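Visitor: Count along the sequence shown starting at 1, add 3, and that's the number in the working numbering.
The beta carbon of each residue, even a glycine, is placed where N, CA and C say it ideally should be.
Everything numeric in this text was worked out from a predicted model, so none of it was measured.
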Amino acid sequence: CDAKKAIENFSGVKRRCQKICEWKGVSVFHDYAHHPKQIDEMVKLGKRMVAKNGGRVIVVFEPHTYSRTKFLIDEFSKSLAGADRVFLLPVYSARENPVMGYDSLKLADETKKHNTYVEYLESYEDAFRRVCEDAKKGDVVLVLGAGTIVGFADMFLAK
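1) With distances taken Cα to Cα, identify the nearest neighbour of F64 among E136, L108 and G104.
2) Which residue comes first and which comes last in the beta strand (DSSP E) that contains C24?
3) Could you tell me if P101 is buried or exposed, where buried requires 16 or more neighbouring beta carbons within 10 angstroms of its beta carbon?
4) In chain order, which continuous runs of the alpha helix (DSSP H) of length 4 or greater are located wholly inside the segment 64-90?
5) If distances are taken between C-alpha atoms only, which option among H117, K115 and L92 comes closest to D106?
6) Is DSSP giving L145 helix, strand or coil here?
7) Might you give, ordered along the chain, the residues of its own chain that have their beta carbon closer than 6 angstroms to the beta carbon of S82, omitting 5 neighbours on each side?
8) Per the DSSP calculation, I61 is bridged to which residue(s)?
9) From the DSSP secondary-structure annotation, give me the bridge partner or partners of S30.
10) For L147 versus A54, is the C-beta distance shorter than 8 angstroms?
Here it is as structure tokens:
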């Protein structure tokens, strides 16, 4: 039956809890999450994944648009609070001009009110280096965002 073949060959939806790779015992997932509710759900899922092995949830997040960051900054900071490590990248502006005072540095400051380990990084290269230094066997890395952060996620495939 054609439907059965299609289901058997279905590999899932890209950028929706997509497993990128297993790297040195670290599971790396990418998700399009760019809203606090989506981020919260991914962090909860990450926590369930590491619950048995004592690993940590490491989030690498690229906020999508300055306006969304500004209007949802409190919700973003709380949604990231459940992660063990948070690495924030610059806002992916898409079609917008920067909104003064509502960038990833501001989000980092707000997130630190709920999570003690938050680090702002200027580039994908810096974030990749930090994740590689920090991640340990059993950890889950969640690469979250709707912008070009898929390029960051793909860096693990080249490692």
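Guide: The short version:
1) For the purposes of this step, residue 64 is taken as the residue at position 61 of the sequence shown. It is L108 whose Cα lies nearest to the Cα of F64.
2) Here residue 24 refers to the residue found at position 21 of the sequence shown. From DSSP, the beta strand (DSSP E) with C24 extends over Q21 to W26.
3) As a position in the sequence shown, residue 101 is number 98, starting the count at 1. The residue is exposed, with fewer than 16 neighbouring Cβ atoms inside 10 Å.
4) 69-74 and 76-83
5) By one-based count along the sequence shown, residue 106 stands at place 103. Answer by Cα proximity: L92.
6) Along the sequence shown, one-based indexing puts residue 145 at 142. L145: strand per DSSP, three-state reduction.
7) Counting from 1 along the sequence shown, the entry for residue 82 is found at position 79. Once the five neighbours on either side are set aside, the close Cβ partners of S82 are P39, I42 and D43.
8) Along the sequence shown, read from residue 1 onward, the residue named residue 61 stands at position 58. Answer by DSSP bridge pairing, in chain order: R88 and V144.
9) As a first step, residue 30 must be located in the sequence shown, where it is residue number 27. Answer is E25 and V143, bridged to S30.
10) Along the sequence shown, one-based indexing puts residue 147 at 144. Along the sequence shown, one-based indexing puts residue 54 at 51. No.
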